[in-house]
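Protein chains: 2
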Amino acid sequence: MARASTTSDAFNAVAEPRRRQILDALASGEHSVGELVEALHVAQPVVSKHLKVLRDVDLVSVRDAGRQRLYRLNGAPLRTIHDWVRSYEETWSEAFDRMDGVLEELTSQEDQ
Amino acid sequence: MARASTTSDAFNAVAEPRRRQILDALASGEHSVGELVEALHVAQPVVSKHLKVLRDVDLVSVRDAGRQRLYRLNGAPLRTIHDWVRSYEETWSEAFDRMDGVLEELTSQEDQ
DNA sequence: TTGACATATTCCAATATCGGCATGTATTCT
DNA sequence: AGAATACATGCCGATATTGGAATATGTCAA
Numbered sequence: 006m007a008r009a010s011t012t013s014d015a016f017n018a019v020a021e022p023r024r025r026q027i028l029d030a031l032a033s034g035e036h037s038v039g040e041l042v043e044a045l046h047v048a049q050p051v052v053s054k055h056l057k058v059l060r061d062v063d064l065v066s067v068r069d070a071g072r073q074r075l076y077r078l079n080g081a082p083l084r085t086i087h088d089w090v091r092s093y094e095e096t097w098s099e100a101f102d103r104m105d106g107v108l109e110e111l112t113s114q115e116d117q
Numbered sequence: 006m007a008r009a010s011t012t013s014d015a016f017n018a019v020a021e022p023r024r025r026q027i028l029d030a031l032a033s034g035e036h037s038v039g040e041l042v043e044a045l046h047v048a049q050p051v052v053s054k055h056l057k058v059l060r061d062v063d064l065v066s067v068r069d070a071g072r073q074r075l076y077r078l079n080g081a082p083l084r085t086i087h088d089w090v091r092s093y094e095e096t097w098s099e100a101f102d103r104m105d106g107v108l109e110e111l112t113s114q115e116d117q
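Next comes the structure, spelled out in structure tokens:
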């Protein structure tokens, strides 16, 4: 028995480059599926499927407008990712690096 | 011919829950594979495989220490994710919400 | 050298994912 | 009503991913 971990969360949704492209496109505002198809230069079903994944994790919301469906970005679920990544910020941030330097200095003074 | 997009980047590496667990465990400092196995309660080959993925995207570094290998976190690649997600912060941030409110107010005054 | 220990790698089965294609469904237009 | 438009969904094939089991590799200890 092998088990693949199916995690349909924001992390997973955003791991796919095309889905990030879609979110990037929606950053400028509401867009129809057709507009996204044109922007991404891919087939329409491909876009619709990725939009479904984004809907499932609530990264986008839809609104019916005649025969088109207008998608709108909802960044809220990204906060989870933001918060998680941010807890590692000290690993790369220069500000934290400088603070580490100060701390080391203090520590070495303590040792004397 | 169908093509699955194999993107071995930080986004992808971090999309896997167990790999986030490993990074979380390494946040407390250097750890051996055995320690990670114990912490995650999974089989050793599983940990080794995930560590390989993390190595490939440079999220961890290794150091030989006798017959064990000590892994250390390297958060630098997370910066890419941080920066991308951060550009959406206005979508959820209360500070930005308040700013939007002010802008709307100004706009409505303009309209008069 | 032999054996125990720590980790990596390989092979395998189950399942997930992605794109292409065809089709279904709803809406508008004539 | 019938045709056209806009989008969603289902099916399929190719490939990717994951965990399990076995095995390979490397290191230390007796």
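Which chain is which? The protein sequence lines are A and B, in order. Take the first sequence: its letter number 39 is residue 44 in the working numbering, and every next letter is one higher. Take the second sequence: its letter number 1 is residue 6 in the working numbering, and every next letter is one higher. We treat Cβ as the ideally placed atom computed from N, Cα and C, and that holds for glycine.
* By the 10 Å Cβ neighbour count, where 16 or more other Cβ atoms means buried, how is A:His36 classified, buried or exposed? -> Position 31 of the first sequence, counted from the first residue, corresponds to residue 36 of chain A. A:His36 should be labelled buried.
* Less than 8 Å between the CB atoms is what I'm expecting for B:Asn17 and A:Ala18, so what's the real figure, rounded? => If you number the second sequence from 1, residue 17 of chain B lands on position 12. If you number the first sequence from 1, residue 18 of chain A lands on position 13. Incorrect: roughly 12 Å between the Cβ atoms, too far for contact.
* To do: Quick one: list the residues of chain A neighbouring B:Ala44, beta-carbon separation under 7 Å, in chain order.
  => What you label residue 44 of chain B is simply residue 39 of the second sequence in a count that begins at 1. Those do not exist, as B:Ala44 stays about 17 Å from chain A at its closest Cβ, beyond 7 Å.
* Give, in chain order, every residue of the stretch 53–87 of chain B whose Cβ lies closer than 8 Å to some Cβ of chain A. => Within the stretch 53–87 of chain B, those residues whose Cβ lies closer than 8 Å to any Cβ of chain A are, in chain order, Leu78, Asn79, Gly80, Ala81, Leu83, Arg84, Ile86, His87.
* To do: Using a Cβ-Cβ cut-off of 9 Å, state whether B:Ser92 counts as contacting chain A.
  => For the purposes of this step, residue 92 of chain B is identified with residue 87 of the second sequence, where counting begins at 1. Closer than 9 Å to some Cβ of chain A, the Cβ of B:Ser92 qualifies, so yes.
* To do: Please go through the same chain and pick out, in chain order, the residues whose beta-carbon is closer than 7 Å to the beta-carbon of A:Leu83, but skip the five residues on each side of it.
  => For this step, residue 83 of chain A is matched to residue 78 along the first sequence. Within the same chain, A:Leu83 has close Cβ partners Ala15.
* **Straight-line gap, A:Asp61 to A:Val90 (C-alpha atoms, nearest Å)** => The residue you call residue 61 of chain A lines up with position 56 of the first sequence. The residue you call residue 90 of chain A lines up with position 85 of the first sequence. Rounded to whole angstroms, A:Asp61 to A:Val90 spans 22 Å at the Cα level.
* Asked: Quick one: what does DSSP say B:Ser13 is sitting in, helix, strand or coil?
  -> Along the second sequence, one-based indexing puts residue 13 of chain B at 8. In the structure shown, the three-state DSSP call for B:Ser13 is coil.
* Asked: So which of B:Glu40, B:His55, B:Tyr93, B:Ala70 has the shortest CA-CA distance to B:Arg25?
  -> Working through the second sequence from its first residue, we reach residue 25 of chain B at position 20. The shortest Cα separation from B:Arg25 among B:Glu40, B:His55, B:Tyr93, B:Ala70 belongs to B:His55.
* Asked: beta strand (DSSP E) containing A:Ser53: first to last residue?
  -> Stepping through the first sequence from its first residue, residue 53 of chain A is reached at position 48. Careful: A:Ser53 lies outside any beta strand (DSSP E), inside the alpha helix (DSSP H) at 49–61.
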